[in-house]
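See structure below.
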Amino acid sequence: MAMQASEIEALIKDAFPDAKIIIEDLRGDGDHYACQVVSSAFAGKSRVQQHQMVYKALGGRMGGELHALALQTSAPDA
Amino acid sequence: MLNDTTREQIENDIKSEDVVLYMKGTPVFPQCGFSAAVVGVLTHLGVPFRGINVLEDDGIREGIKTFSDWPTIPQLYVKGEFVGGCDIVREMYETGELTEMFQTRGVDAKPGA
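Residue numbers (my numbering), protein chains in the order written: chain A, 38 to 115; chain B, 8 to 120.
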């Protein structure tokens with residue numbers, strides 16, 4: 038069970054069209070990624086809410102198909 | 008799925024101590040790198056906490072994810088409130104927000120990084 042970086046990026050881009058997304062495959066096994074997402078949709082949201090928004094975009098794959106995603110989210114600097 | 012018994016158990020557990028960490032393994036023997044990372048942060052800050060090993064109970068392991076609408080373990084609770092998983096705890100630790108949050112919620116914590 039693993040995911041391609043491009044698949045993760047596409048899912049996030051779908052949910053956050055303006056997002057800047059950087060994805061790093063930490064171990065080359067398709068299961069452990071680091072991901073930075075910058076989107077105006079996060080403005081005014083807590084970190085927990087921001088990450089929950091990304092997990093929703095991944096459609097329930099987080100914790101299943103995708104074992105680990107070290108996530109960093111932020112709104113663009115105003 | 009989260010049945011009433013599991014929900015009740017979780018609600019009691021997260022209030023059983025100021026700081027509760029749902030983790031894989033125990034504070035002495037964490038069985039997952041992410042769980043170990045949060046244990047390390049709490050230990051470094053000198054914050055006493057209760058570790059709940061989700062590997063011992065599948066009902067809790069899945070129920071806690073529904074309870075907090077958070078898909079992974081570890082999960083940190085302070086004064087009954089969900090704070091975050093490994094990424095958020097680590098990020099808050101590095102910015103000093105974690106110590107600040109503990110202090111504002113009346114939990115003793117040494118300054119962090």
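Beta carbons: idealized from backbone N, C-alpha and C, even for Gly.
Counting every other CB atom within 10 Å of its CB across the protein chains shown gives H51(B) a total below 16, marking it as exposed. For the stretch 68-92 of chain A, the beta-carbon criterion of a distance under 8 Å to any beta-carbon of chain B is satisfied by R84, V85, H88, Q89, Y92. Within the stretch 70-85 of chain B, K72, S75, D76, W77, P78, T79, I80 place their CB atoms closer than 9 Å to a CB of chain A, listed in sequence order. Contact of E98(B) with chain A is assigned, a C-beta pair being separated by under 8 Å. Straight across, the Cα-Cα distance linking T12(B) with P113(A) is about 43 Å. Cβ-Cβ distances below 6 Å link G58(B) to L28, M30, T33, P34 in the same chain, with the five nearest sequence neighbours on each side left out; the list follows chain order. According to the DSSP secondary-structure assignment, V74(A) is paired through a beta bridge with I58(A), T110(A). With at least 16 other beta carbons inside 10 angstroms of its own, A56(A) counts as buried. The Cβ atoms of Y70(A) and I49(A) do not sit closer than 8 Å to each other.
Taking the CA atoms as reference points, Q109(A) sits about 15 Å from K93(A). Here DSSP, grouped into helix, strand and coil, assigns F56(B) to coil. M40(A) sits in coil when the DSSP states are folded into three classes, being neither helix nor strand.
DSSP places L62(B) within a helical segment (H, G or I) once states are collapsed to three. Between R84(A) and I95(B), the CB-CB gap stays under 8 Å.
Between A42(A) and chain B, the shortest Cβ-Cβ separation is not below 8 Å.
From the beta-carbon of L48(A), no residue of chain B is found nearer than 8 Å; the closest lies around 14 Å away.
In this structure, R64(A) is the residue among P54(A), R64(A), F53(A) with its C-alpha nearest to the C-alpha of A42(A). For E88(B), the uninterrupted beta strand (DSSP E) segment begins and ends at 88-91.
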